[in-house]
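Line by line, the protein sequences give chains A and B. Residue numbering for the first sequence follows my numbering, beginning at 1 and increasing consecutively. Residue numbering for the second sequence follows my numbering, beginning at 10001 and increasing consecutively.
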Amino acid sequence: MFACIYSPNSTAASLVEFAYAFSPMVEELSSDTIVLDVTGCELLFGSAYELANEISRCAKKPSPAGGLDTKISVALAANPDAAIHAAKNFEGITFISPGEELTCLGDLPLRALQYSLIHVDEKQAIEIFETLRLWGINSFRDFVTLPVAAMAERLGQNGVRLQQLASGKTERHLNLKQPAREFQAALELEHAVAELEPLSFIFARLLNQLCAALNAYALATNELLVQMTLDDQTTHERKLTLPYAMRDHRTFLKLLLLDTEMHPPATAVMAVSINCEPVKPRLLQNGLFIPLAPEPEKLELTLARITKLVGEANIGSPVLIDTHRPDAFLLKHFTVKAKHDFPTRRRRKANQQSAIPTSRDRQCLGFRMFRPALRAMVQAPQGIPQQVSAWDKYRSIHGKITNVAGPWRTTGDWWREDRWTRDEWDIEVEIRNGFDDARTRALYRIYRELAGGTWFVEGSYD
Amino acid sequence: MLLPAAPALELVMIPYIELHARSAFSFLEGASVPEELIARCVEFDMPAMALLDRNGVYGAPRFHLSAKKNGVKAHIGAEINVQSPSSKVQRPLINSFSLPVLVRNRTGYQNLCRLITKMKLRVAKHAEPGAHVVTVSELQSHAEGLICLTGGSDGPVSFINADSAKQSTEWLIEIFGKENVYAELQRHFNRDEEARNQAVISLAKQYGLSLLATNGVNHATPLQREVSDVFTCIRNHVRLETAGRLLAQNSERHQKSGKAMCELFADVPDATANTLELSSRLEFTLEDLGYEFPKYSVPAGESMSSFLRKRTEEGARARYSGTNGAPTYEAARPQLERELALIEKLQLEGYFLIVWDIVQFCRREGILIQGRGSAANSAVCYALGITAVDPIGMQLLFERFLSEERGEWPDIDLDLPSGDQREKAIQYVYQRYGKLGAAMTANVITYRGRSAAREVGKALDFDDETLSRLAGLVHTWEWKDPKDSSERQFRDAGLDLCNPRIRKFFQLYQLVQDLPRHLGQHSGGMVICQGQLDSVVPLEPAAMPDRVVVQWDKEDCADMGLIKVDLLGLGMMAVLEDSIELIREAYKEEVDLAHLPQDDPAVYGALQKADTIGMFQVESRAQMSCLPRLRPQKFYDIVVQVAIIRPGPIVGNMVHPYLKRRQGREPVTYAHPLLEPVLGRTLGVPLFQEQLLKIAMICADFSGGEAEELRRAFGFKRSEARMKQIEVKLRRGLLRKGIVGKTQEEIVQAISSFALYGFPESHAASFALIAYASAYLKCNYLAAFTAAILNNQPMGFYQPFTLIKDAQRHGLKMLPVDVMKSDWLCTIESENGEEGKGRHGDGETGRQGDGAIKGSPCPPVPASPCLPVPVSPCPPVPASPCLPVPVSPCPPVSASPRLALRLGLKYVKGLSEQSGQAIVKARRCQSFTGIDDLHNRIPELRKDELRKLAAVGALNFIQTLAPTSKPERPRKDHRSSTNRRDALWQVERVARDGGELYEQLFENDGGSPLMPMTLPERMNADFRGTGLTIGKHPVAYHRSELNKLGAQRAIDISKLRNGTSVRVGGWVIVRQRPGTAKGFVFLTLEDETGVSNIIITPQLFDKNRLVLVDHPFLLIDGMLQNQDNVVSVKARRVQPLSFKVAAAPSHDFH
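Structure, rendered in structure tokens:
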């Protein structure tokens, strides 16, 4: 005997959990429908009808009491598909005696037929339903009364299977739901911990458990989610995202400690839980003649240490953005490039031939960018800079501009709030040495933001 | 290394001319129309400018005309894609470059046009953009008269290294000659560009080339850079956010003043100075186009003049026979002579002969053809058979068509049956004048409404939902509510104009309005040229096979003096043609459209009752509401009827005065006695453009040409200055005639307001002829007319369903689609079904109208492919002076079988024509003996097609007569199919090969276990399968419900008194909100008895917008208005009816 529970107001997880209270044999059909094999449950719940009543009664209970806090439809039948059709189409409790399937389901409209239960392709099912509509077949009963051989001749085996489904006579095994594997370790502390060292022991224990579990399944992880319940009942959450999948608990511990040092919890910790997302481990086989790159785990640790020193915003590999916006780039997490990421010699050659009289391929000067740019005072009586003066803690630039090229104008992102518009100049500045009055010349790039009229020195040429 | 800076020098102002600019006619590569570029020239005092659009001279006419108007010299050129000369220059990654060329003289222009034509015609219309290239050899052979520039960033010396730059320069010098190659410098404040400039300067020094400064203009003003960026996104199918460096680096590609350019190139003053020098070398303008209309080849010993005179005389003698009220040849001769003299003076003989030649071809081929428009004002056109309206009899004004003062080519529009017949005529012109001697005119598709909203919205990365809402803002209703400001529309759609992105969208949406998007094909305009048309304007392939189009649209062709002949497709012409054919086959009668009885009481009866569904020009709701008031009694009334429901008379408040005077409720008065002869036949109310011209001629002593000039000055292309100038002249003339004060004001006012919208009388008369013919055929040969109109759908105002229901109400029996009898098209059978396709064994037949048999076979009269001969039913002229010869009256024959219309297979939705024709062909060999047989003999028939045929009942009548072609397979359908379900049951079996397993399987009783379809099921199957039903009207199934609701039938409300409260219910077949109706919405509701007209006030519409627009069935409460037998219901309350039917959509938003 099979029972189907249909609850459009519940979540899939809660519905499955609810179903396990009645039978371990559960099929999750969709987010609102599950089927249970209740054969042999009579000893626990009494007759099938009593079982259905019990399911319905329990469902009305609030969630903490193991219920769903809602009204559900329950149907019991000798085969799972008949139970599904009944539960989805009739409210309350439906009991279908064996052999009485058509009596119960016969009046259902054909559109209620769940063709996916017998794995009929949607396109084929639609075509069959269209044919049936043209034939004036509107209900399960109409469909079932069609002669089987003539049907098979016209609609093929799919038609016959659909007809069987409509008659409630299909036979199949349940596709049982396996409990999800969870990789989580948690610990509640008797006393609040406010220091890193004792916390590290807790982390080590939890990570040991997690890595052992991952190892058992031959899995690794690239994301750790640490939740700390604090003394003031708030939660402190940290997520560690790793570029490679790993399962070395020592590395995890060091990374976690470095991260906790950088982002310490606000108050003492009362409970710790660590979750990880299991993924397949990374398999790498280096070539014999490939220079060895640093081990990923060590590299990550090193990067974490540097991050602790310089701050998260200041570490990574710069990547140019496809835009005319000056100095537009973003920082990506640093990773060692695989061999195939490097441009081949041939490709470089092709590029050299195509992109030509651009500044890149002519004699190029090195350019040192000042970050942030130096705010400057520039005298430009006729729009052409003649005198520049700028300084900060580390450098000062004062002098007469002896030569100038520009302006080079860029404007863009006019559809956004942060649009820009500026004129750049390359300038040669004559700088007087304060001690011996000697004069040296240096090349700089200055620019003026046209919106505000403010001048900046952007950097110097080598 | 620093690049040389522009020194701050005391600049000596050097004039500058922009010689490299693109307009929006570079299609998504430029953001300003030519007029905007010229306006900037005027602003900057720039004496000349060159337009170089991408691979074409699309914008050249507008550029030229605007320049001419503003005293600027317009140089012409183009940026053409040239294939890399890979043998000389190594470019591994780049296959072509853009070469800017300027036209020096006419030879250069011709070469440019030919180059572009070769490039375009080589590949299909929708080829990849890179496929359009000129080869090196083509460039070499067409370089004469052209000057080339070394180009900007995409030019020949931009992408290459020093060696290849040298090679490219040498190559250009070799092709064009050193003096015709200019080293182009552009400065847009860009580092890379400046590096290239320095390289170009050194190359120029090395090879002794002149430097030339240009700005590579893409848009007229800096703001239009945004449009240019949006276009870049549209072109590359990207969003602004992801376009990156595809977008412009800055806004410097706008048109700059000479001063700005001189400052920019202060370090190379020669570069700007040379623009003047080069401009002075460019002699060519579009004034010097060199277009000649082809000469008509005449027999030896004849000149074109003498030949035209002879053809005219021949025609005139036949048409002006003096019989049946037509004027005599002698009476017509002075007018003919006057016209011929003017035609000879203007050297237009060739034009008239060529149009005559096309008409002759159509006659030979049996294609209906009729000239329309102002050509109907010409007696020569009438004599040559080009038009069907006698301008002398109708006192039409020749000057409206042709005058010396106009300085323009005349315009002859020819109406042809749409479809294959028209294509035949077009292909004749191509064949006669060669592929490069004739072409269709183009139709420039511009950004408007929804397309602009969608594409701009996409570029701004709006999600689909927002895009749909934005596009939905663009109303398709003709009527624009004055309160419908853009702000309100946006607010209503839930879009906040304070949001910067929405605001930017709105701004861009307005900026792109009317900018060219791509080139289409004009519906019928053809340009013909003496010699090669590709030396006058570049030609391109059209999307349709075997057609080429010129790069200029219809207006531009006219402005450039290219004569065009419009070969327009008219659905009703095809209906008339098909009707004649069907009448010949089914009724065994020969109908000659040229000799239709002009006073057929059935026609005028139908018109007076507004029983005009399906009739040409008089079937619209507005026409139908006017017909019972106007009550047409003679042909001229139809001319008035056609012209009166137009924006001109409606906006000019002429309709009601005319109708009141006609009904005798208002006296006929004239503003001045001089107007009486002009306005007499329209009862003192001006209705036609010709009347306006005559008023000017009579009251202000204008010549015919001057009067036409006056009309044009006040017409669509009105210019304030020109209007003022001509108004002064008009007033002076009126004063001389003693017309002063209020009368003068009235006349001036009438002329100035009417010129804009007025309808030419000649055009109205041409249309009225077709309207009369369609009415005559409908009233007398209903079956043939209905079959023809159904075969030519989509056309007209109503859906096929409405046409069928109307025909059924008139007594026509409709027969269903049947594979045993239906052809691909609708056909006529005798009602008892024994005869097919109009074959009547005893030779007897009957005309059918209003269900009655009206006539007997008449002796066949040779058919004329031309529409009516002499028709001049002018009221003032005594009693129909030139009525056609009536057809021999056909006495009613009661014994002849009634005719019925058999629906064609064409109406089965989803059935391909190939399958349909195969069915007909196979059936002609041998009838189908069963569905098996049908399936076996027509392999083209797909399973879904068979199913569709069965669902609409087309397989119901297959009789099982003999074994199938597969005798080895046991037959199962050994009885005939009697209903659709039987057929559907069998179709599924025959369409599926059961294999050996089912080979031996017999069905017990040979029948299907399925229940036959009920009537409503059949109706729904009909609508799903054919979009119509010949069974009961959908509303008839719900009549009892409607009765309970107190709803009256359409037929009953006409009997009620004016002012009665009524309730009607029915199916909405038409929804209209005309621009002239001040926001009122008009619905046409149909039930099983006919149609009722509903008037919805703007307030009621606003309250019930969704119900009125979305629901197919409505219940309307309102007040009955019955004025002069025009019955309508002014709605007070609207409710949806929940009737379910798989309905065909209504015709909305006309």
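Even glycine gets a Cβ: it sits at the ideal position worked out from N, Cα and C.
First and last residue of the uninterrupted beta strand (DSSP E) at residue i
| i | result |
| --- | --- |
| A:Gln227 | 220-230 |
| B:Ser10418 | Element bounds for B:Ser10418: n/a, residue is neither H nor E. |
| B:Ile11094 | 11090-11096 |
| B:Pro10500 | Taken as a continuous stretch (DSSP letters only), B:Pro10500 belongs to no beta strand (DSSP E), being part of the alpha helix (DSSP H) at 10500-10512. |
| B:Ala10787 | No beta strand (DSSP E) contains B:Ala10787, which is instead part of the alpha helix (DSSP H) from 10782-10791. |
| B:Asp11117 | 11113-11123 |
Residue i - partner residues in DSSP beta bridges
| i | result |
| --- | --- |
| A:Asn403 | A:Glu428 |
| B:Asp10053 | B:Ala10078 |
| A:Pro24 | Its beta-bridge partners do not exist; DSSP assigns none. |
| B:Gln10808 | Per DSSP, none; premise fails for B:Gln10808. |
| A:Leu447 | At residue 447 of chain A the sequence reads Tyr, which differs from the Leu that was named. Bridge partners of A:Tyr447: A:Glu424, A:Phe456. |
| A:Asp37 | A:Phe2 |
| B:Asn10443 | B:Gly10520 |
Residue i versus residue j - alpha carbon distance
| i | j | result |
| --- | --- | --- |
| B:Gly10437 | B:Ser10280 | 33 Å |
| A:Ser73 | A:Pro109 | 18 Å |
| B:His10672 | B:Ala10750 | 13 Å |
| B:His10522 | B:Val10565 | 12 Å |
| B:Glu11041 | B:Leu11015 | 17 Å |
| A:Val378 | A:Leu320 | 30 Å |
| A:Ala350 | B:Glu10193 | Residue placement at A:Ala350 is flagged as unreliable, the pLDDT there being 43, under the threshold of 50; the coordinate-derived value follows with that caveat. About 22 Å. |
| A:Gly156 | A:Ala149 | 10 Å |
| B:Pro10881 | B:Gln10598 | Its pLDDT being 29, under 50, B:Pro10881 is placed unreliably in this model, and the value from its coordinates should be taken loosely. Distance between the alpha carbons of B:Pro10881 and B:Gln10598: 11 Å. |
| B:Leu10414 | B:Gln10530 | 21 Å |
Start and end residues, alpha helix (DSSP H) containing residue i
| i | result |
| --- | --- |
| B:Thr10232 | 10225-10236 |
| B:Ala10318 | 10304-10319 |
| B:Met9982 | What the structure shows of chain B is the stretch from 10001 to 11150, and residue 9982 of chain B is not part of that stretch, so it cannot be assessed. |
| B:Lys11130 | That residue, B:Lys11130, is in no alpha helix (DSSP H); its beta strand (DSSP E) goes 11126-11136. |
| A:Arg250 | 249-262 |
| B:Asp10045 | Here B:Asp10045 belongs to no alpha helix (DSSP H), and DSSP marks it neither H nor E. |
| A:Pro198 | 196-216 |
| A:Leu463 | Residue 463 of chain A lies beyond the range of chain A shown here (1 to 462); nothing can be said about it. |
Own chain residues within Cβ distance below 7 Å of residue i, not counting five before or after
| i | result |
| --- | --- |
| B:Pro10876 | In this prediction, B:Pro10876 has a pLDDT of 36, which is less than 50 and means its spatial position is unreliable; what the coordinates show is noted afterwards. Here the set comprises Gly10680, Arg10681. |
8 Å CB neighbourhood of residue i in its chain, flanking five on each side removed
| i | result |
| --- | --- |
| B:Ile10726 | Glu10709, Leu10710, Ala10713, Phe10714 |
Own chain, CB closer than 6 Å to residue i, minus 5 neighbours either side, in chain order
| i | result |
| --- | --- |
| B:His11150 | Confidence at B:His11150 is low in this model, with a pLDDT of 43, below 50, so its placement is unreliable and the value that follows should be read with caution. Closer than 6 Å at the Cβ level, and outside the excluded window around B:His11150, lie Gln11072. |
| B:Ser10965 | Per-residue confidence for B:Ser10965 stands at a pLDDT of 40, beneath the threshold of 50, marking its modelled position as unreliable; the derived number appears in the next sentence. Result list for B:Ser10965: Asn10936, in chain order. |
| B:Gly10373 | Asp10413, His10763 |
Quiz item: Is the number of C-beta pairs between the segment 10578-10595 of chain B and the segment 10771-10787 of chain B that are closer than 8 Å three or more?
Solution: The segment 10578-10595 of chain B makes contact with the segment 10771-10787 of chain B, as at least three CB pairs between them are under 8 Å.
Exercise. Could you say if the segment 420-433 of chain A and the segment 392-408 of chain A meet the contact criterion of at least three C-beta pairs nearer than 8 Å?
Key: Yes: at least three Cβ pairs fall under 8 Å.
Quiz item: Pairing CB atoms from the segment 10790-10808 of chain B with CB atoms from the segment 11047-11059 of chain B, are three or more of them under 8 Å?
Solution: Inter-segment contact for the segment 10790-10808 of chain B and the segment 11047-11059 of chain B is absent: fewer than three beta-carbon pairs are separated by less than 8 Å.
Exercise. Decide yes or no for the touch test of the segment 10451-10458 of chain B against the segment 10503-10512 of chain B: beta carbon pairs closer than 8 Å, at least 3 of them.
Key: Touching, per the Cβ criterion.
Quiz item: When the Cβ atoms of the segment 322-338 of chain A are set against those of the segment 10237-10251 of chain B, are three or more pairs found closer than 8 Å?
Solution: yes
Quiz item: Taking three-plus beta-carbon pairs below 8 Å as touching, is the segment 68-87 of chain A in contact with the segment 30-50 of chain A?
Solution: yes
Quiz item: Any contact of the segment 10553-10567 of chain B with the segment 10600-10619 of chain B, i.e. 3+ C-beta pairs under 8 Å?
Solution: no
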